[in-house]
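Numbering (full-length UniProt numbering), first residue to last: 1 to 318.
Ideal Cβ positions, reconstructed from N, Cα and C, are used throughout, including at glycine.
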């Protein structure tokens, strides 16, 4: 009996010592990350009492968070964020965010409310903490802009995991019930809510995704499937895009669009000059087969083109 009591006492001391070491490591890593961001020009503000949860959890509670990019073009504020890991399984993380956020982008502030935002993930315990799994979900997301427009999503799900290739990851995202701003002037041709949008893609980065060290840079996006359902409009797509030195995509994305005429009418009402061209409508009609338009969208030199038709500047991917 004495041996058992001694063994239990030693085990309890060892477990408690592990928690103390782990909690100090979490606090130290938070301080290091904060200093790294500030040294890079970011404004980082938050309040915390340090890691709690003894002895079964590492529980880090951050309050009054504010993050502003070095050039001031992006900002994020939130009352609270909580990061939890079980002390016997420190590589699995749970992130519980607050239900209110403010995001600042050039020209406007976005007030965001959301129900039950949660994320979970797993990392390998090591110097850089490489990510091995990530999932995020939320419901009833609403966005209100300081410019007067509103939008929202009924349900959001996103997931990421390594796909077995070097620095490669399988990424999945699904949005259900995407409410569009009234300023888009949809009229009666299409409802003001997209039923769903789903993308499944393979991402390749320059270095493995990790919680520590330099940020990984995106090098390639291989879209395995893209699907949008919006009443009489449906879109399917696939293709592979690399990312050039300026962060623009290079390659081709092939879209198969049913109800493309409705989208063209919508673009014309929104004042997109090229959408009002009868020449364009005729050319697209000639490309359509049984009502389905196959549209190869080319990306090069920071621009997008549909065949010989310029579509404008491509989005930056990094």
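Next on the checklist: Which same chain residues end up closer than 8 Å to residue 249 when comparing Cβ atoms and leaving out the 5 residues on each side of it in sequence?
Outcome noted: 221, 241, 242, 243, 299, 314, 315, 317
Item to check | Option in 183, 309, 45, 188 with minimal Cα separation from residue 77 | outcome: 45
Next on the checklist: For the pair the segment 177-189 and the segment 260-271, tell me if three or more CB-CB distances fall below 8 Å.
Outcome noted: yes
Checklist entry - To the nearest angstrom, how far is it from the Cα of residue 160 to the Cα of residue 285? => result 38 Å
Checklist entry - Count the other CB atoms within 10 Å of the CB of residue 125; is the residue buried (16 or more) or exposed (fewer)? => result exposed
Checklist entry - Alpha carbon to alpha carbon, what distance is there between residue 35 and residue 195? => result 43 Å
Item to check | Which residues DSSP lists as bridging residue 104, in chain order | outcome: 75, 109
Checklist entry - By the 10 Å Cβ neighbour count, where 16 or more other Cβ atoms means buried, how is residue 216 classified, buried or exposed? => result buried
Item to check | Where residue 265 falls: helix, strand or coil (DSSP) | outcome: helix
Next on the checklist: Quick check: residue 64 and residue 47, are their CB atoms within less than 8 Å of each other?
Outcome noted: yes
Item to check | 8 Å Cβ shell around residue 210 - same chain, five flanking residues per side excluded | outcome: 123, 128, 129, 130, 131, 216
Checklist entry - Cα separation between residue 101 and residue 119? => result 16 Å
Next on the checklist: If I measure Cβ to Cβ from residue 304 and keep anything under 8 Å in the same chain, skipping five residues before and after, which residues do I get?
Outcome noted: 297, 298, 310, 311, 312, 313, 314
Checklist entry - In the structure shown, what three-state DSSP assignment does residue 124 receive? => result coil
Checklist entry - Just checking, does the segment 144-155 make contact with the segment 163-172 on the three C-beta pairs under 8 Å criterion? => result no
Item to check | C-alpha gap between residue 143 and residue 94, whole angstroms | outcome: 24 Å
Next on the checklist: Taking a contact to mean a Cβ-Cβ separation below 8 Å, would you say residue 171 touches residue 218 in this structure?
Outcome noted: no
Checklist entry - Identify the residues that DSSP records as bridge partners of residue 83: which are they? => result 60, 95
Next on the checklist: Only counting the same chain, and skipping five residues up and downstream in sequence, which positions put a Cβ closer than 7 Å to that of residue 281?
Outcome noted: 264
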